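Single-structure report; data block below.
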Amino acid sequence: MTIRPPKKELIALYLRFRTLLDSITNLPGAAVMTPELDTLLAVIGNAWQAGKPYPVRKLLIREELGSPATIHKRIHLLKEAGLVRLETLEGDSRVRLVVPTELALHHFAEHAKVIQQAIR
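Plus 52 on top of the position in the sequence shown (first one is 1) and you've got this note's numbering.
Here's what the structure looks like:
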């Protein structure tokens with residue numbers, strides 16, 4: 053049985069995919085970003101974009117993100133990386149909202165550029 057040579061288009065597609073993956077790892081914040089931190093940052097970003105940023109306490113009860121202690125640690129890792137900040141809710145200084153920073157918004161925009169390149 054002879055093995056057919058692979059299609060050149062498939063090889064090119066795979067190599068382009070690998071190049072795009074490599075470019076994502078060079079984006080701002082990539083050095084500290086794990087899949088779990090990226091998921092948490094996306095949750096924070098989506099809530100912020102919808103105009104309803106998460107209070108820390110509401111994030112801590114999102115079981116799909118981990119245990120409260122783990123989520124708390126991840127929020128602080130994102131804060132130390134400069135990707136989120138805590139803001140006080142107007143009218144109630146006890147409530148701390150988790151919002152993305154300019155660096156996080158840049159992170160989202162750079163990922164979007166990579167996605168745009170992938171669909172061309």
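In this text, a Cβ means the ideal position worked out from N, Cα and C, and glycines have one as well. Note that the structure is predicted; figures quoted are calculated from it, not measured.
Per-residue burial, residue i [other beta carbons within 10 Å of its own, 16 or more giving buried]
i	result
proline 192	Nothing about residue 192 can be read from this structure; the chain reaches only from 53 to 172.
alanine 133	buried
histidine 128	exposed
valine 84	exposed
tyrosine 66	exposed
isoleucine 96	buried
leucine 92	buried
alanine 2	No information on residue 2 is available, as it lies outside the stretch 53 to 172 that the chain covers here.
arginine 146	exposed
Unbroken beta strand (DSSP E) run spanning residue i, endpoints
i	result
threonine 140	136-141
proline 152	144-152
Beta bridge counterpart(s) of residue i as assigned by DSSP
i	result
proline 107	Leu149
Run of the alpha helix (DSSP H) containing residue i, from where it starts to where it stops
i	result
arginine 102	The question names arginine, but residue 102 in the sequence shown is alanine. Note, alanine 102: premise wrong, no alpha helix (DSSP H); not H, not E.
arginine 126	120-132
Cβ-heavy atom distance, residue i to the ligand ATP, below 6 angstroms
i	result
threonine 153	No copy of the ligand ATP occurs in the structure displayed, which carries no ligand at all.
Three-way DSSP call (helix, strand, coil) for residue i in this model
i	result
proline 87	helix
lysine 60	helix
arginine 114	coil
threonine 71	helix
isoleucine 55	coil
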